[in-house]
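A quick write-up on the structure given underneath.
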Amino acid sequence: MENYMLPCLFKKLFGVDCIGCGLQRSIALIFKGHFLEAFYMFPAVYTFLLFFVSTAFFLIDKRHNYSKIVIGSAILNALVMIVSYVYKMRFLY
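Numbering (the working numbering), first residue to last: 20 to 112.
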(Lines of atoms letter the chains of each structure in order from A and count residues from 1; the text may use other names and numbers.)
(Lines give C-alpha, C1' and ligand atoms only; values in the text may rest on other atoms or scores of the structure.)
Protein backbone atom coordinates (compact mmCIF):
# COMPACT_ATOMS: atom_id res chain seq x y z
CA MET A 1 0.00 0.00 0.00
CA GLU A 2 2.78 2.44 0.86
CA ASN A 3 4.39 1.82 -2.52
CA TYR A 4 1.37 3.42 -4.21
CA MET A 5 1.21 6.65 -2.19
CA LEU A 6 1.37 9.91 -4.07
CA PRO A 7 4.36 12.18 -3.41
CA CYS A 8 3.72 15.70 -2.14
CA LEU A 9 4.21 18.08 -5.06
CA PHE A 10 4.35 21.09 -2.72
CA LYS A 11 7.19 19.54 -0.75
CA LYS A 12 9.07 18.61 -3.94
CA LEU A 13 8.77 22.15 -5.31
CA PHE A 14 9.33 24.22 -2.18
CA GLY A 15 11.14 21.86 0.20
CA VAL A 16 8.71 22.23 3.13
CA ASP A 17 5.69 20.22 4.19
CA CYS A 18 2.27 21.32 3.01
CA ILE A 19 -0.71 21.54 5.34
CA GLY A 20 -1.86 18.05 4.31
CA CYS A 21 1.49 16.27 4.45
CA GLY A 22 1.18 13.02 6.36
CA LEU A 23 -2.49 12.31 5.63
CA GLN A 24 -1.87 9.28 3.40
CA ARG A 25 0.66 7.78 5.79
CA SER A 26 -1.60 8.38 8.80
CA ILE A 27 -4.54 6.65 7.10
CA ALA A 28 -2.23 3.73 6.29
CA LEU A 29 -1.25 3.61 9.97
CA ILE A 30 -4.93 3.52 10.99
CA PHE A 31 -5.51 0.55 8.66
CA LYS A 32 -2.58 -1.17 10.37
CA GLY A 33 -4.07 -0.44 13.81
CA HIS A 34 -1.48 2.14 14.91
CA PHE A 35 -3.92 4.82 16.06
CA LEU A 36 -1.60 6.91 18.22
CA GLU A 37 1.15 6.91 15.59
CA ALA A 38 -1.44 8.05 13.03
CA PHE A 39 -2.30 10.99 15.26
CA TYR A 40 1.37 11.93 15.64
CA MET A 41 1.89 11.67 11.88
CA PHE A 42 -1.08 13.92 11.05
CA PRO A 43 -3.14 15.24 13.99
CA ALA A 44 -6.13 16.14 11.83
CA VAL A 45 -6.61 12.57 10.60
CA TYR A 46 -9.54 11.88 12.90
CA THR A 47 -11.34 15.14 12.13
CA PHE A 48 -10.72 14.41 8.44
CA LEU A 49 -12.33 10.99 8.83
CA LEU A 50 -15.25 12.60 10.69
CA PHE A 51 -15.67 15.05 7.81
CA PHE A 52 -15.41 12.24 5.24
CA VAL A 53 -18.04 10.10 7.00
CA SER A 54 -20.44 13.02 7.53
CA THR A 55 -20.09 14.00 3.87
CA ALA A 56 -20.80 10.41 2.84
CA PHE A 57 -23.96 10.40 4.97
CA PHE A 58 -24.97 13.74 3.43
CA LEU A 59 -24.58 12.36 -0.10
CA ILE A 60 -26.11 8.92 0.52
CA ASP A 61 -28.96 9.50 3.00
CA LYS A 62 -31.32 12.07 1.52
CA ARG A 63 -33.99 11.55 4.22
CA HIS A 64 -31.99 13.48 6.83
CA ASN A 65 -30.31 16.85 6.63
CA TYR A 66 -26.62 16.48 7.51
CA SER A 67 -25.56 19.90 6.24
CA LYS A 68 -24.88 21.37 9.71
CA ILE A 69 -22.78 18.35 10.65
CA VAL A 70 -20.81 18.57 7.40
CA ILE A 71 -20.17 22.29 7.83
CA GLY A 72 -19.24 21.87 11.49
CA SER A 73 -16.87 18.99 10.79
CA ALA A 74 -15.29 20.94 7.90
CA ILE A 75 -14.65 23.93 10.15
CA LEU A 76 -13.30 21.71 12.93
CA ASN A 77 -11.06 19.88 10.46
CA ALA A 78 -9.71 23.15 9.02
CA LEU A 79 -8.97 24.51 12.49
CA VAL A 80 -7.15 21.36 13.59
CA MET A 81 -5.16 21.30 10.35
CA ILE A 82 -4.11 24.94 10.69
CA VAL A 83 -3.18 24.67 14.37
CA SER A 84 -1.20 21.46 13.87
CA TYR A 85 0.58 22.90 10.82
CA VAL A 86 1.55 26.08 12.67
CA TYR A 87 2.76 23.98 15.62
CA LYS A 88 4.79 21.72 13.33
CA MET A 89 6.41 24.62 11.48
CA ARG A 90 7.08 26.62 14.64
CA PHE A 91 8.35 23.96 17.03
CA LEU A 92 9.49 20.98 14.98
CA TYR A 93 11.50 22.72 12.24
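No residue lacks a Cβ here, since even glycine has one placed at the ideal position from N, Cα and C.
By Cβ distance, which residues of its chain are closer than 8 Å to residue i, with the 5 residues on each side in sequence left out?
i: ASN96; result: ALA63, THR66, PHE67, LEU69, PHE70
i: MET60; result: GLY41, ARG44, SER45, LEU48
i: MET24; result: GLN43, ARG44, ALA47
Which stretch, first to last residue, makes up the alpha helix (DSSP H) that contains residue i?
i: ARG44; result: 42-51
i: ILE88; result: 86-106
Within the same chain, show all residues whose beta-carbon is closer than 7 Å to that of residue i, passing over the 5 residues directly before and after it, in chain order.
i: PHE110; result: none
Is DSSP giving residue i helix, strand or coil here?
i: LYS81; result: coil
i: LEU32; result: helix
Identify, in the order they occur along the chain, each residue of the same chain with its Cβ nearer than 6 Å to the Cβ of residue i, setting aside the five sequence neighbours on each side.
i: PHE29; result: CYS37
i: GLY34; result: none
Between residue i and residue j, how many whole angstroms is the CB-CB distance? I'm expecting something under 8 Å.
i: SER73; j: ILE88; result: 5 Å
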